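All remarks here apply to the structure that follows.
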Amino acid sequence: MIRLRERILSLLLQPASPRPIAGIFPPPCPLRRLLSTTAPVSPKPFAVDEYLVATCGLTRAQAAKASEKLSNLRSPSNPDAVLAFLSDLGLSRPDGIAAAVAADPRLLCADVGSSLARRVDELGGLGLSRSQIARLLPLAGRCFRSSSLATRLAFWHPVFGSFENILKALKMNAALLGSDLDKVAKPNLAFLAQCGINASDVTRTTLSLYSCRLFTVNPRFLQDAVARVEELGVARGWRTFHRVLSTVAFLSRETIASKMQLLDDLGFSHDDFLVIVRRAPQVLRLSDGRIRRSVEFLIRDVGLEQCYIAQRPTLLAYSLERRLLPRHCLLKVLKAKGLLNCDLSYYCIAAMSEDKFVQRFVDPFKDKIQGLADAYTSSCSGEANGVRSLVCL
């Protein structure tokens, strides 16, 4: 009780806290205002998309796609260092750098010293100049950052015969520098050699998207493709074997069967079909509608027979609207006016280069038939009005 009384007494005797006097002590600042004036301003976040467009030269669409692989990029410091390295290497702004970044967005995250500079040194050891390396980089994509790049390039160089051929091949098959040499590339090259296909011959004569892909497909896939070519009556070692293989390899049996049925419906025999495949395998890649329209035109309007077309199947590969029809209409006009004196076959006329055709069948008569040259040029654009104006001459 005594202790409680002493406690109360001490509280009563304690002096009161002084209150601020107006004009001398300012009122206390609200906590929100205090924090707003003393807290540091947060830096603006790094806008990857804008950097890719403004600094790297990518389009908006390219930047949107590339930024998905750069979600962890928080600062322009490393990308700036990479771009400076690429510029020093010889890549032009904006085209060269834009192509390199679009092909491999993660290039902007690479370490210049331990990765990019080392790759350049390794390639230089193979005898490549800095300008050649600059041309290779956008085509190599992410493989340029691989430690095995020099080894793979050294392997492919004798296969393609030259650095220029390697660049051409990479434009059509970027997987060349990423494929497994021991499990894919070497077995495929050996198997193609057994089929009478020399890789260097293919690259010199028919370097295409499909022929380049033969080197990097699954070996079992390649073996199955060769079997399908042989089913079509094309034997290994034939001069056209590699052309047929380059096409048939990437078509299913169902697709080939449907083309066979289409040509059968159009009056071609099975032997005709095999001749077409051997001489112009690219016809198998044409749409059914395009094949049907071309065949019907050649038979109905030109008066050709199926066997004639089968022996010259590139007729089916020419554009009906931009080549076959305009030339046919022009010759009809010349013949109707008694100006055509030509003993060339239809195929020779259709196969002529455009310049040679104009020189022989347009230029000599454009002064005799008003509007002939313009009408023919218009008809070659594929427009229906152009063909009508040609027919009405």
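In terms of the working numbering, the sequence shown opens at residue 5 and continues consecutively. Every residue gets a Cβ at the ideal spot worked out from N, C-alpha and C, and that includes glycine. Computed from a predicted model, the values in this text were never measured in an experiment.
| Asked | Found |
| --- | --- |
| So, are the CB atoms of A67 and D53 less than 8 Å apart? | yes |
| Alpha carbon to alpha carbon, how far is K175 from L143? | 6 Å |
| Compute the beta-carbon to beta-carbon distance between H332 and V306, rounded to the nearest angstrom, for a pair I have assumed lies under 8 Å. | 6 Å |
| Check whether the region 240 to 254 touches the region 262 to 274, counting contact only when three or more Cβ pairs, one atom from each stretch, lie closer than 8 Å. | no |
| Could you tell me the distance, in whole angstroms, from the CA atom of C199 to the CA atom of F219? | 13 Å |
| Between which two residues does the alpha helix (DSSP H) carrying T443 extend? | Not covered by the structure: residue 443. The range shown for the chain is 5 to 397. |
| Measure the CB-CB distance between A314 and V279 and report whether it falls below 8 Å. | yes |
| Of all Cβ atoms in chain D, is any one closer than 8 Å to the Cβ of A231? | The question asks about chain D, but that chain is absent: this structure has only one protein chain. |
| For R297, I'd like the list of residues in its chain whose CB is within less than 7 Å of its CB, leaving aside the five on either flank, ordered along the chain. | L324 |
| Could you say which of L120, L343 and I201 lies nearest to D92 if we only look at CA atoms? | L120 |
| Quick one: what's got a C-beta closer than 8 Å to A284's C-beta in the same chain, skipping five residues either side? | P317, T318, L320 and A321 |
| At 4 residues or longer, and completely inside the region 154 to 189: list those alpha helix (DSSP H) runs for me, N to C. | 167 to 176 |
| Between L180 and W160, how many whole angstroms is the CB-CB distance? I'm expecting something under 8 Å. | 6 Å |
| Given R232, which residues of its chain have a CB within under 6 Å of its CB, disregarding the five upstream and five downstream residues? | V252 |
| From which residue to which residue does the alpha helix (DSSP H) around N76 run? | Looking at the DSSP string, N76 is not in any alpha helix (DSSP H), and its letter there is neither H nor E. |
| Buried or exposed, going by whether 16 or more other CB atoms sit within 10 Å of the CB of I25? | Since pLDDT at I25 reaches only 40, below the 50 mark, its modelled position is unreliable, and no value is offered. |
| What are the boundary residues of the alpha helix (DSSP H) that V287 is part of? | Premise fails: V287 is in no alpha helix (DSSP H) and is neither H nor E. |
| G129: buried (16+ other C-beta within 10 angstroms of its C-beta) or exposed? | exposed |
| Have a look at V287 and E234 and give me their C-alpha separation to the nearest angstrom. | 18 Å |
| Please report the residue range of the alpha helix (DSSP H) in which C311 lies. | Q310 to Q315 |
| By the 10 Å Cβ neighbour count, where 16 or more other Cβ atoms means buried, how is S79 classified, buried or exposed? | exposed |
| Is it buried or exposed, S291, if we count other Cβ atoms within 10 angstroms and call 16 or more buried? | exposed |
| When we look at the beta-carbon of D378 and count the other beta-carbons within 10 Å, is it buried (16 or more) or exposed? | exposed |
| According to the Cβ coordinates, are K372 and L394 closer than 8 Å? | no |
| Which value, in whole angstroms, describes the spacing of the CA atoms of L39 and A51? | Low per-residue confidence applies at L39: pLDDT is 47, beneath 50, and the placement is therefore not dependable, though the value from the model is reported in the following sentence. Their backbone Cα atoms lie some 27 Å apart in a straight line. |
| Would you say R110 and R146 are within 8 Å of each other, going by their C-beta atoms? | yes |
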